[in-house]
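Numbered by the working numbering, the letters in the sequence shown go through residues 1335 to 1694 in order.
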Amino acid sequence: MNKEQLEHAESEMINWLSHPAELGKKPAKIECAKEFDYNGLHYYIFKYKKSTLGKWLLGVCGGYDGDDLENCGHVFSEMEEYNENNAEQMAVKMVDSVIEYWKEQAEKAEKAKENAGTFVNFVLLEESVFDKKAFLKTLKDEWQVEDEEPDKELDKEDETVILSYNGGIAAVSLMPAPVPEDEIVYHAGRNFRWSDAIETSKRHKAHLLVSVMGSRMSPTEAGTLLVKLVDSCCKQKGVLGIYANGTVYQPEFYMDFSQFAKEGFPLFNLVWFGLYHGKNGICGYTDGMRSFGYDEIEIVDSKQDPNDIVNFLSDVANYVITSDVILRDGETIGFTAEQKLPITKSRALAVEGESLKIGF
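What follows is the structure in structure tokens.
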């Protein structure tokens, strides 16, 4: 028996059981009952108790290659009663379940990545007017973006501009009608940075539909192109706001952050970092990560300063998008050697679908 490896496995088992989605605390008792090999990797079977007088329950930890101290993440427990006669058989079943789970998660992640790179924003207008020539001039002068098929003539009757650029297709279309009021009011109310967002948004009578499909661009390139398009739209007359990422941006806020597209990645234009008061603290969330093929991220009932929550979320989002990192349920994340914050995937609170909750 490799005592150092066993100690590591026991520590991993305790950490897994202590996760809020499992026991939520350390087990009252834990012992290594057996060890076995499966698919060329080494595993440890643990029996543990939720409480001192409780029943022994079964857990497994492993996936160790030889004498390595790092396993491949096969840690699990169904919290079923430990039975010495079939403990190894049950442990193998749990390992198979973990392998199948991660296979499904990898397939979902790949599918999400395949659909990444399509972006849509709405520029809210006070009147149904779109100066296409002025838009194209601003796009060229400010961002050096031009249609790669320059021989197309602008149709005075057509209220859409279509551009081919760097392997992507972009379109800006005038929609002579407002976004439904209940929809725009709800999302404008999510902008905690703009007190007049709702009243200002309700004044819009039309909008520009701005879209980018980056078929041969990376998601970051497609997103950056979108920001350049929307910023150029903001130079039009009567722009009231930008409806994007589950909120409504103030035009000045959007244009300020779009300048990052000149030398880097305009994160704050493409991902919204929201805040709200939870039952027991401040909650924060992202909205926009899915356009890049990643899960949205949430922080629930934190005692941290709101600014620190936004800064932390933006650091994580920037790291995930620019380094192409997949965060997974049950892992930890930190920006120092000591910081190990738990990650849990579950139904989202502030956005649709599921999200990754980080204990911050």
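Beta carbons are placed, not taken as given, at the ideal position from N, Cα and C, and that holds for glycine.
All values derive from a computational prediction rather than experimental measurement.
8 angstroms contact criterion, which residue i and residue j should meet: CB distance rounded
i	j	result
phenylalanine 1694	phenylalanine 1646	6 angstroms
histidine 1521	glycine 1615	Wrong, their Cβ atoms sit about 24 angstroms apart, outside the cutoff.
glycine 1618	valine 1650	In fact, because the Cβ distance is near 10 angstroms, the residues do not count as touching under 8 angstroms.
serine 1507	leucine 1543	5 angstroms
valine 1513	histidine 1541	6 angstroms
serine 1625	phenylalanine 1469	In fact, because the Cβ distance is near 23 angstroms, the residues do not count as touching under 8 angstroms.
threonine 1558	alanine 1595	5 angstroms
tyrosine 1628	alanine 1684	Actually they do not touch by this definition, with Cβ atoms about 16 angstroms apart.
glycine 1397	tyrosine 1377	7 angstroms
serine 1689	glutamate 1632	5 angstroms
valine 1463	lysine 1637	Between lysine 1637 and valine 1463 the Cβ distance is about 49 angstroms, and since that is not below 8 angstroms, they are no contact.
glutamate 1630	alanine 1671	Actually they do not touch by this definition, with Cβ atoms about 27 angstroms apart.
serine 1498	aspartate 1481	6 angstroms
isoleucine 1660	isoleucine 1667	With a Cβ gap of about 12 angstroms, isoleucine 1660 and isoleucine 1667 do not count as contacting.
leucine 1335	glutamate 1365	This sequence places methionine at residue 1335; leucine is not what is there. Not really, about 13 angstroms apart at Cβ, beyond 8 angstroms.
Own chain partners of residue i with C-beta closer than 7 angstroms, once the 5 adjacent residues on each side are dropped
i	result
tyrosine 1372	Val1426 and Val1429
aspartate 1635	Gly1612, Lys1613, Asn1614, Gly1615 and Cys1617
alanine 1440	none
aspartate 1465	Gln1570
lysine 1359	Ser1352
glutamate 1338	Leu1403
tyrosine 1653	Val1659
leucine 1675	Thr1666, Ile1667, Gly1668, Ile1692, Gly1693 and Phe1694
Exposure of residue i, with buried meaning 16 or more beta-carbon neighbours within 10 Å
i	result
leucine 1458	buried
glycine 1598	exposed
alanine 1578	buried
methionine 1413	exposed
lysine 1389	exposed
serine 1385	exposed
methionine 1623	buried
serine 1529	exposed
aspartate 1565	buried
glycine 1664	buried
alanine 1511	exposed
aspartate 1642	exposed
glycine 1548	buried
serine 1657	exposed
asparagine 1420	exposed
phenylalanine 1607	buried
lysine 1691	buried
tyrosine 1583	buried
aspartate 1399	exposed
aspartate 1492	exposed
aspartate 1639	exposed
aspartate 1621	buried
Residue j beta carbon less than 8 angstroms from that of residue i
i	j	result
isoleucine 1379	proline 1361	no
tyrosine 1741	leucine 1391	Since the displayed the chain opens at 1335 and closes at 1694, residue 1741 lies outside it and no answer follows.
asparagine 1500	glutamate 1555	yes
glycine 1502	serine 1535	no
isoleucine 1518	alanine 1505	no
arginine 1527	phenylalanine 1587	yes
valine 1409	glutamate 1356	no
proline 1553	glycine 1451	yes
leucine 1351	serine 1431	no
Close-in-space but distant-in-sequence residues of the same chain around residue i (CB under 8 angstroms, 5 per side omitted)
i	result
phenylalanine 1602	Phe1591, Phe1594 and Ser1648
valine 1573	Val1457, Leu1458, Leu1459, Glu1460, Cys1567 and Pro1585
histidine 1538	Leu1458, Leu1459, Glu1460, Pro1512, Val1513, Ile1518, Leu1574 and Gly1575
phenylalanine 1669	Asp1649
threonine 1494	Ala1505, Val1506, Ser1507 and Leu1508
methionine 1551	Gly1451, Asn1500, Gly1501, Gly1502 and Leu1559
Close beta carbons around residue i, own chain, < 6 angstroms, minus the five adjacent residues each side
i	result
isoleucine 1655	Phe1626
tryptophan 1477	Lys1562
leucine 1604	Gly1557 and Gly1622
Residue i beta carbon near the ligand PLP (any heavy atom closer than 7 angstroms)
i	result
threonine 1558	What this structure holds is no ligand at all, so the ligand PLP is not there to describe.
**Message:** Would the region 1342-1358 count as touching the region 1404-1419 if we require 3 or more Cβ pairs under 8 angstroms?
**Reply:** yes
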